[in-house]
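My numbering applies: residue 2 is where the sequence shown begins, and numbers increase by one. Here's the structure, in structure tokens; my notes come after.
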Amino acid sequence: VIQPEYPNSDLEGLLSMFQHDQTHFSKMVASLLPIMSMLTSGDLGKMLSPDPDDLDDTRPITNTAKIVNNVQVAYIGLDSLTDSIVGSAIGSVFLSDLTAVAGDRYNYGVNNRPVNIFIDEAAEVINEPFIQLLNKGRGAKLRLFVATQTIADFSARIGSKDKALKILGNLNNLFALR
């Protein structure tokens, strides 16, 4: 095994995708294509992926790292009641990006300020990066406030009661209201 001189995980990932069996790969990503199409077309596509070179578009362009590092506030209304697939996809992507930002803060941050994150209807956006954020986010000074209707919502969403218990185990305080 030859050790790469300048390792690059992004490049390694692309090479791995290229070398993967094409039939198996197309089966793996078949369910992603309709969602990716929804997220990248029409008005939603322009909102989620603005063109930084479009001089007619004067909207400010930001990302999760800028929001966190500049101590800004972001409210992301997902409207999952109207379109649960798109809302869940956008929420999951945002939380995955937030998990990457938390990793950078944990590994390279100096004098990180605490960041408060409020997630309502958390079962709609739960994914593996979100579980990691619950598990390790405190090390990056991220404080998560998670709200859900029932614990069973987590089990139903991720398909495992054990994982739902893992999620609950990573929450410090539990408040139940009715």
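Backbone N, C-alpha and C fix where the C-beta goes; we use that ideal spot for every residue, glycine too.
Residues 102, 116 of the same chain have their beta carbon placed closer than 7 Å to that of residue 69, with the five preceding and five following residues left out of the count. Listed as beta-bridge partners of residue 116 by DSSP are 143.
Per DSSP, reduced to three states, the secondary structure at residue 65 is helical. Our two residues, residue 134 and residue 73, have alpha carbons roughly 20 Å apart in a direct line.
The stretch 74-89 and the stretch 102-114 do not touch, with fewer than three beta-carbon pairs separated by less than 8 Å. Spatial neighbours of residue 64 in its own chain (CB-CB distance under 7 Å, excluding positions within 5 residues in sequence) are not present. Collapsing the DSSP output to three states places residue 73 in coil.
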